[in-house]
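Basically our numbering = 1-based index in the sequence shown + 12.
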Amino acid sequence: MSNSIAARGSKLQRSPDNSTFTTIAEVLKINGSGGKSDLADVTNMDSPSNFREKLPTLLDSGDVSFDCNWIPGNSTQTQLTTDFNNQTLLYWKILLPNGTNGLSFQGYVTDKNFDLPIDKQASKSLKLTITGPITEF
């Protein structure tokens with residue numbers, strides 16, 4: 013039997029001070045991408061065999077992007093534009109549906125878009141660029 017979970021009910025939350033978190037309204041999808049480990053090529057004349065030698069250097073936690081229904085005048089969504097304009101470093105949490113597990117990290121709102129299709133709801137798409145590690149809890 014699988015121990016997988018359904019994502020419905022997950023929450024994306026922001027905080028300026030890592031104490032009081034506010035849930036972003038009507039998030040539709042959350043996606044994490046781009047985490048990687050940089051490697052330096054340290055191959056030299058004394059390297060054994062014909063293979064390159066690599067040395068891990070820096071880690072990059074990547075980005076979190078999310079889509080939400082656009083709710084004009086909603087304070088949690090309007091604040092994201094202010095965060096983008098002010099380049100504010102924030103604390104973020106992604107809470108899984110069980111309410112006790114998830115991810116936490118610091119990051120900036122670095123990309124924001126909107127979509128106004130004739131046949132669907134108005135929506136916003138934003139990207140958070142993570143600085144530092146992601147912590148799983």
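Think of the CB as a built atom: it goes at the ideal place given N, C-alpha and C, for glycine as much as any other residue.
(request) Using the Cα positions of lysine 132 and proline 28, report the straight-line distance between them to the nearest angstrom. (result) Counted from its first residue, the sequence shown places residue 132 at position 120. Counted from its first residue, the sequence shown places residue 28 at position 16. Those two C-alpha atoms are separated by around 33 Å.
(message) Cutting at 6 Å between CB atoms, please list the residues of its own chain near lysine 124, excluding the five before and the five after it.
(response) The residue labelled residue 124 in the question sits at position 112 within the sequence shown. Correct list, in chain order: Phe96, Leu138.
(message) I'd like the span of the beta strand (DSSP E) that includes glutamine 25, first residue to last.
(response) Numbered from its first residue, the sequence shown carries residue 25 at position 13. Run containing glutamine 25: 23-27, per the beta strand (DSSP E) assignment.
(message) If you reduce the DSSP assignment to three classes, tell me which class glutamine 133 lands in.
(response) Within the sequence shown, numbered from 1, the residue matching residue 133 stands at position 121. In this structure, glutamine 133 counts as coil in the three-state DSSP scheme.
(request) Count the CB pairs spanning the region 103-111 and the region 21-35 that are closer than 8 Å, and state whether there are at least three. (result) yes
(request) Return the chain-ordered list of same chain residues with a C-beta closer than 6 Å to the C-beta of alanine 134, the five sequence neighbours on each side being excluded. (result) Taking the sequence shown and counting its residues from 1, one reaches residue 134 at position 122. Contacts found: Trp82, Leu128.
(message) According to DSSP, threonine 147 sits in a beta bridge with which residue or residues?
(response) Position 135 of the sequence shown, counted from the start, is the residue given in the question as residue 147. Answer by DSSP bridge pairing, in chain order: Ser116.
(message) What would DSSP say about serine 16, mapped onto helix, strand or coil?
(response) Within the sequence shown, numbered from 1, the residue matching residue 16 stands at position 4. Residue state, collapsed to three classes: coil.
(message) Since glycine 47 and aspartate 79 should fall inside the 8 Å C-beta cutoff, what is the C-beta to C-beta distance between them, to a whole number of angstroms?
(response) Here the question's residue 47 lines up with position 35 in the sequence shown. Here the question's residue 79 lines up with position 67 in the sequence shown. In fact, because the Cβ distance is near 20 Å, the residues do not count as touching under 8 Å.
(request) With DSSP collapsed to three states, give me the class of aspartate 58. (result) The residue given as residue 58 occupies position 46 in the sequence shown. It is coil, neither helix nor strand.
(message) Rounding to the nearest angstrom, what Cα-Cα distance links phenylalanine 33 and proline 84 in this structure?
(response) As a position in the sequence shown, residue 33 is number 21, starting the count at 1. As a position in the sequence shown, residue 84 is number 72, starting the count at 1. The alpha-carbon atoms of phenylalanine 33 and proline 84 are separated by roughly 21 Å.
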